Amino acid sequence: MAERNKRIVVGMSGASGAVIGVRLLAALRRLGTHETHLIVSSSGALTAAQELGLARGDFEAAADVVHNVREIGAAVASGSFLSEGMVIAPCSMKTLAGVANGFADNLLTRAADVMLKERRRLVLVARETPLNLAHLRNMTLATQMGAIVMPPVPAFYAHPQTIDDVVDHTVGRILDLFGIEHDEIKRRWSGLADEFGSRAAREE
Numbered sequence: 001m002a003e004r005n006k007r008i009v010v011g012m013s014g015a016s017g018a019v020i021g022v023r024l025l026a027a028l029r030r031l032g033t034h035e036t037h038l039i040v041s042s043s044g045a046l047t048a049a050q051e052l053g054l055a056r057g058d059f060e061a062a063a064d065v066v067h068n069v070r071e072i073g074a075a076v077a078s079g080s081f082l083s084e085g086m087v088i089a090p091c092s093m094k095t096l097a098g099v100a101n102g103f104a105d106n107l108l109t110r111a112a113d114v115m116l117k118e119r120r121r122l123v124l125v126a127r128e129t130p131l132n133l134a135h136l137r138n139m140t141l142a143t144q145m146g147a148i149v150m151p152p153v154p155a156f157y158a159h160p161q162t163i164d165d166v167v168d169h170t171v172g173r174i175l176d177l178f179g180i181e182h183d184e185i186k187r188r189w190s191g192l193a194d195e196f197g198s199r200a201a202r203e204e
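The UniProt record's numbering numbers the first residue of the sequence shown as 1 and each following residue consecutively.
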């Protein structure tokens with residue numbers, strides 16, 4: 001029962017990459033170590049439908065508790081609601097701007113604001129490219145307040161063969177940031193292979 005009292009808030013906003021949030025929920029459900037509280041923006045639901053062909057109920061079923069993004073009085077809107085932290089995956093530039101500037105105009109940005117004020121872990125899987133100056137400044141502001149900005153950048157050293165490989169690695173890195181043991185990452189960096197390391201040394 002003590003283990004089930006561990007909670008993570010998962011947010012999904014309207015950026016491309018809905019599969020990351022969906023796969024993260026599935027991983028947390030499979031691991032069974034944390035109670036998940038899900039908040040999905042209307043744009044996030046539209047993106048999941050467009051990219052994955054999923055209705056809202058298809059991926060909401062993987063969460064333990066689902067909160068309406070307009071329900072500003074939900075439990076996760078208060079710092080007295082204990083949790084290990086929050087991840088927004090994917091995080092649109094609009095949501096990033098809301099978090100960075102303390103707008104808290106819906107439950108998604110309010111819950112993120114709670115994480116910042118309570119000094120809990122907040123991971124923003126910011127999905128956009130290229131980045132303009134407003135994006136960069138908002139990332140800086142969010143980082144200065146304690147958030148972790150984690151763009152879903154592929155780890156090519158892991159030699160991914162499929163999109164699933166890239167997504168799984170990203171999900172694993174998110175879980176790493178919360179100290180959750182998992183097996184999502186199939187290949188971690190362990191240094192250059194001997195043949196490449198020796199060659200590099202010779203070339204120097």
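No residue lacks a Cβ here, since even glycine has one placed at the ideal position from N, Cα and C. Just so we're clear, the structure is a prediction, and the values are computed from it rather than from any experiment.
TODO: Let me know the secondary structure DSSP gives M86 once reduced to three states.
DONE: DSSP places M86 in strand when its eight states are reduced to three.
Open item on the list: Classify L24: buried if its beta carbon has 16 or more other beta carbons within 10 angstroms, exposed otherwise.
Closed with: Only buried fits L24, as 16 or more other CB atoms lie within 10 angstroms of its CB.
Open item on the list: Within 10 Å of its beta-carbon, does V153 have 16 or more other beta-carbons around it, so buried, or fewer, so exposed?
Closed with: Classification of V153: exposed, given that the 10 Å Cβ count is below 16.
TODO: Would you mind stating whether A112 and M86 have Cβ atoms separated by less than 8 Å?
DONE: At the C-beta level, A112 and M86 come within 8 Å of one another.
Open item on the list: Whole angstroms are fine: how far does the CA of F156 sit from the CA of G172?
Closed with: Using only the alpha carbons, I get a separation of about 15 Å.
- [ ] Please look up how many angstroms separate the CB atoms of A62 and R29, rounded, as I've assumed it's under 8 Å.
- [x] Right, the Cβ-Cβ distance comes to about 5 Å (below 8 Å), so this counts as a contact.
Open item on the list: If I follow the unbroken alpha helix (DSSP H) through residue 211, where does it start and stop?
Closed with: Outside the displayed span of the chain (1 to 204) sits residue 211, for which this structure offers no information.
TODO: Using beta-carbon positions only, say whether F59 and A48 come within less than 8 Å of one another.
DONE: Cβ atoms of F59 and A48: closer than 8 Å.
Task: I180 (DSSP reduced to helix, strand or coil) - done: If DSSP states are grouped into helix, strand and coil, I180 belongs with coil.
Task: CB contact flag (V19, V167, <8 Å) - done: For V19 and V167, yes; Cβs fall inside 8 Å.
Open item on the list: Which residue marks the beginning of the beta strand (DSSP E) containing T162, and which one marks its end?
Closed with: No beta strand (DSSP E) holds T162; DSSP gives it neither H nor E.
Task: Run of the alpha helix (DSSP H) containing I8, from where it starts to where it stops - done: It is not in any alpha helix (DSSP H) - I8 instead sits in the beta strand (DSSP E) that spans 7 to 12.
Task: Cβ-based neighbour list, I8, same chain, cut-off 8 Å, excluding 5 preceding and 5 following - done: The answer, listed in chain order, is L28, H34, E35, T36, H37, S83, E84, G85, M86, V87, F178.
TODO: Inspect the beta-carbon positions of M107 and M115 and report whether they are closer than 8 Å.
DONE: Just to set this straight, residue 107 is Leu in the shown sequence, not Met. Pairing L107 with M115 gives a Cβ-Cβ distance that is not under 8 Å.
- [ ] Measure the CB-CB distance between P90 and S41 and report whether it falls below 8 Å.
- [x] Their beta carbons are not under 8 Å apart, which means P90 does not touch S41 by this criterion.
- [ ] Starting from A126, follow its DSSP beta bridges and name the residues at the other end.
- [x] According to DSSP, A126 bridges with C91.
- [ ] Assign H159 to buried or exposed, taking buried as 16 or more other Cβ atoms, counted over all protein chains shown, within 10 Å of its Cβ.
- [x] By the neighbour-count criterion, in which a residue is buried when 16 or more other Cβ atoms sit within 10 angstroms of its Cβ, H159 is exposed.
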